[in-house]
Each structure stands twice: as C-alpha cells, then as structure tokens.
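As numbered in full-length UniProt numbering, the sequence shown has no gaps in its residue numbers, which increase by one up to the final residue, 371. In this text, a Cβ means the ideal position worked out from N, Cα and C, and glycines have one as well. Structure record follows, encoded as structure tokens.
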Amino acid sequence: MKRLTTLALIVGLCTVVGLLWSYGPEDVAAAVVAAGWGAALVVLARVVAVAWAGLGWYAVFPREGRPALLACIDIRFIREGINTLLPVATVGGDFVGARLLTRRGVTGGLAGASMFVDLMTQAATQFLFTVMGLGLLVWLVGDGPVARTVAGGLALAAPALAAFYLIQRRAGHRVVQGLLTRFASGREWRALGAVDVLYDNLRRLYAAPRRVGAGLAVHFAGWIIGSFEVWVCLHFMGYPVSVAEAIVIESLAQAVRGAAFAVPGALGAQEGGLIALCALFGIPAEAALALSLIKRVADLLCGVPGLVQWHREERRFNAEPTAEERRGRELGRRLGPVLQPATLGPFYSYAPPRMSSARLSETEGDLKQCA
C-alpha cells in the first residue's frame, strides 16, 4: 500500500510539473501575482469553511455527552491537515479526530459513531453539491463530454454512498460481527463488544433526524462557502465569473478530488480538472493552474497549523496519564504493600525456604558423610 501511495505521489508531482511546464511557469506565476489580495481572501474562506465543518460535526451530537463547539472546530482543523497533507487516503484524519475527541471527555463509542455520521453527512451533501453543479453546467453550457463524465461518476458514486449508509445500520452490524467472529480468533468477544457499543451509538445518533438534518444543512452550506474561493480568486485575476459558474467549477473540482482519493492531495487530478472546467467558461489554463496553486497554498496555511496542534496534543496526552491510568496507578500504590512477593511464601516463589545456621551445618555434615 505504501508503495502504491508513493507511486501515486510521484505520478501526481510529475503531472503538476508537466502542466506547469506546458502552459508556461511565467504565465502561471503572473496569474498568481495578479490575484493579489484575492489569495488572502481564499485562505480566509478556507478557514471559515473548515470551522463551519466543525459546526456540522458538533450538530450531530446529542445534548448529553456533547463536546464543546471549540473542541469540534479545533479537532476539525487537525482532521483537515492530516487528510489534506498526509498520504492517508483522505480519511485517516477522521479516525485520529475520533481518538482525540475521547481525550476531551467523549466516550469512545460516541466519538466513533459521531465520526461515521459526520462522514456520511459530508459525503451525502457533496453528492448533492455535485448534482447541483451538474444541473447548472447543463443549464449554462449544455450537454457535453464533461457533463456525461460527471453523470457517469455520479451513477457509480450513488451505490457506494448507499452502501456506506447501510453498513452503519443494522444489516452492517451483522456483517461486521460475522467478519470479526471469523477472523478475530480468541479475541472476538472484545471486538464484538466494541462493535456493539459503536452500533448502539450509531442507532442513537440516527434516531434523531433533526440533528442529522442540521448536520446535512451545515455541511451543504459549507460546500457553497467553498465556491467563494473560485469566485473571488478569478475575479481578482481578471476573469469574472457568476456565482453559478463558480459553483459549477468548485463542485465538479471537488468531485475530481474525491475520485482521486488514492493520490495524496489529489496532485495532478485537481490541476487537470480545473483546467478542463475553467475552459468551459473561457478561462485560460494559466489562470486555472494559478487557481489550483492558490488553493494549495490555502491547504498548507490551514493544514500545517492543524498538524502542529496534533503534535502538541499527542505530546501533552502522552505526558499526562488518562483518568483510567491514574486510577490504576493509585490502586497499585494502595495494594503494593499487600501484594509483595515475600508474603506469598516459598510455595509460590522461586526462593528456597530459609534454614537456621545450625540446621544448615547438620545438612552439610550429612552431605559430607554421604560423599
């Protein structure tokens, strides 16, 4: 798997370099410079979008056991940094986020279930966002190769999205239990217990349609906020586009990134997708590449602080024992004097029984006579 990821990274980098070389590094750099303050606004829009996604995660929690909103936003930046900048197939940061959430006082079952529900709401709203972009594309430009390609991708994504939802429901519970029973050997009872807790919390979260609906609404609005990056950046570069056109470019570019999840950072795929999409509205390839580079700057400026925060939290958590560890150490300290090995007697230890000096002399004498 690591070799495939490395190979995909190399291919992506070569694609980016090839595109920049083909369309002229000077022209692309000039377009980036022309963006000016628009680049700063793109970064600001990204910060707002990531924080908004943290609100969408917060919305699915029940009132009892809900973490603080700032905790969800903070960990959401960590998730974004890991998924965007590290070769983890865009989901590794979500599992790290669930684990970090348990350090904020959330139970493990609820943290894991909230992560799955949050991923589901994000995937569902991205699907709807792509459908919206496809409809606007057909309305603005008409049917064409790009529209047919996107429609085919949606046809493939729909069953995968449905399967991801069903695996979180009762049928998925039985499937996961069966797999663990078959492959978990003698430890299946612990694994099945953890799965039972996870699915109990999943049922609890999905049983509140208002909270799930709120998460869907927040995430869908977040995708719309992301379209502001395209709109403002192209305006500053001298290629004004309408809001509908910006939504088409952003929604279908995000679909391309999702399809290229195996490539770290969707290197090459994002650049090629933006070139094809911007060409539909008369925007040259140089500007499309500049837009992609500015988006990657936003990835770095939002992702690197998240990675730094992740490193700090791991160091702090490793230095500070958890509540269970503290209770275990306290219990060991109290029971230490009682459970000393010497109190168990020679029957349970490897030490030989003690003899008096007189008895030891007699034993040595007997041994000499035998010799």
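Between the CA atoms of residue j and residue i - distance to the nearest angstrom
{"i": "A71", "j": "G65", "result": "13 Å"}
{"i": "P264", "j": "Y199", "result": "31 Å"}
{"i": "L154", "j": "F281", "result": "22 Å"}
{"i": "V297", "j": "L137", "result": "27 Å"}
{"i": "A171", "j": "L110", "result": "20 Å"}
{"i": "Q122", "j": "L216", "result": "7 Å"}
{"i": "L100", "j": "A157", "result": "30 Å"}
{"i": "E250", "j": "L205", "result": "30 Å"}
{"i": "A246", "j": "A208", "result": "34 Å"}
{"i": "R315", "j": "G238", "result": "46 Å"}
{"i": "R63", "j": "N83", "result": "28 Å"}
{"i": "L274", "j": "E286", "result": "10 Å"}
{"i": "residue 373", "j": "L291", "result": "Residue 373 falls outside the range modelled here, since the chain spans only 1 to 371, and no answer is possible."}
{"i": "F212", "j": "A59", "result": "One detail in the question is off: residue 212 reads as Val in this sequence, not Phe. Rounded to the nearest angstrom, the two C-alpha atoms are 7 Å apart."}
{"i": "A288", "j": "N318", "result": "44 Å"}
{"i": "L128", "j": "G272", "result": "23 Å"}
{"i": "S22", "j": "V28", "result": "10 Å"}
{"i": "A221", "j": "M132", "result": "13 Å"}
{"i": "I167", "j": "R174", "result": "9 Å"}
{"i": "A53", "j": "G97", "result": "13 Å"}
Where the alpha helix (DSSP H) containing residue i begins and where it ends
{"i": "D94", "result": "92-102"}
{"i": "A53", "result": "37-59"}
{"i": "K215", "result": "According to the sequence as given, residue 215 is Gly; it is not Lys. Taken as a continuous stretch (DSSP letters only), the alpha helix (DSSP H) holding G215 covers 209-236."}
{"i": "E64", "result": "Careful: E64 lies outside any alpha helix (DSSP H) and carries neither H nor E."}
{"i": "G306", "result": "285-319"}
{"i": "S251", "result": "243-259"}
{"i": "Q168", "result": "Element bounds for Q168: n/a, residue is neither H nor E."}
{"i": "G105", "result": "Taken as a continuous stretch (DSSP letters only), G105 belongs to no alpha helix (DSSP H), as it is neither H nor E."}
{"i": "A276", "result": "269-279"}
{"i": "A71", "result": "69-85"}
Reference residue i; option with closest CA among the options
{"i": "H219", "options": "I275, V50, L289, L267", "result": "V50"}
{"i": "N201", "options": "P87, P305, G108", "result": "G108"}
{"i": "D74", "options": "P87, L86, D94, P62", "result": "D94"}
{"i": "A40", "options": "D299, A319, N318", "result": "D299"}
{"i": "P305", "options": "S114, R210, A208, L85", "result": "L85"}
{"i": "E80", "options": "V48, P67, G105, F61", "result": "V48"}
{"i": "R210", "options": "L293, P284, F61", "result": "F61"}
{"i": "V42", "options": "L307, I294, L119, F317", "result": "I294"}
{"i": "W57", "options": "D118, G18, G112", "result": "D118"}
{"i": "A276", "options": "A259, Q126, A262, A253", "result": "A253"}
Three-pair Cβ contact test at 8 Å for the segment 227-241 versus the segment 30-37: yes
task: Would you list, in sequence order, the uninterrupted beta strand (DSSP E) runs of no fewer than 3 residues that lie entirely inside the segment 133-164?
output: none
- prompt: Okay, do the segment 265-274 and the segment 12-30 touch, 3+ Cβ pairs below 8 Å being the bar?
  reply: Cβ pair count under 8 Å is three or more, so yes.
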